[in-house]
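These notes are about the structure you will find just below.
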Amino acid sequence: MIKLMTTTVLLILSTSLYADKENGKVLFDNSKCLECHNIEDFKDKDLNKVKTFKEMKDQVFACSIANDAMWFDDEVYDVSTYLNHEYYHFKQKEQASE
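In terms of my numbering, the sequence shown opens at residue 378 and continues consecutively.
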């Protein structure tokens, strides 16, 4: 029983430390983010108000609260990683827990 609990805890911890951009895309799509945003908002560098990955992640967090997405921190990180991979291309130094 202890071995199973230890394995489960380690699995949960390891998955929360790594962003999952595929999960981020699913969360982004399911939350209907494009009802407020236009893809051009993400593509056009002149329209981007954020200049770092942290600023973008903070904005994703604010949007999730404003729209009652009820995302956990790791889900905010996943969505941020998805957006970063697809559009922003910031250096991504921080871990999901930051």
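For each residue, glycine too, the CB sits at the ideal point set by N, CA and C.
Model, not experiment: these values are computed from the prediction.
Between residue i and residue j, what straight-line distance do the alpha-carbon atoms span, to the nearest angstrom?
i, j, result
"residue 439", "residue 427", "13 Å"
"residue 399", "residue 432", "21 Å"
"residue 441", "residue 379", "36 Å"
"residue 414", "residue 403", "16 Å"
"residue 448", "residue 422", "27 Å"
Flag this pair as yes or no: are the beta carbons of residue i and residue j separated by less than 8 Å?
i, j, result
"residue 446", "residue 408", "yes"
"residue 429", "residue 467", "yes"
Please classify residue i: does DSSP put it in a helix, a strand, or coil?
i, result
"residue 462", "helix"
"residue 436", "helix"
"residue 467", "coil"
"residue 428", "coil"
"residue 449", "coil"
"residue 400", "helix"
Go through its chain and collect everything with a Cβ distance to residue i's Cβ below 8 Å, but skip five positions before and after it.
i, result
"residue 420", "464"
"residue 457", "396, 401, 430, 433, 434 and 437"
"residue 470", "430"
"residue 460", "401, 405, 419, 433 and 437"
"residue 424", "417 and 418"
Cutting at 7 Å between CB atoms, please list the residues of its own chain near residue i, excluding the five before and the five after it.
i, result
"residue 462", "398"
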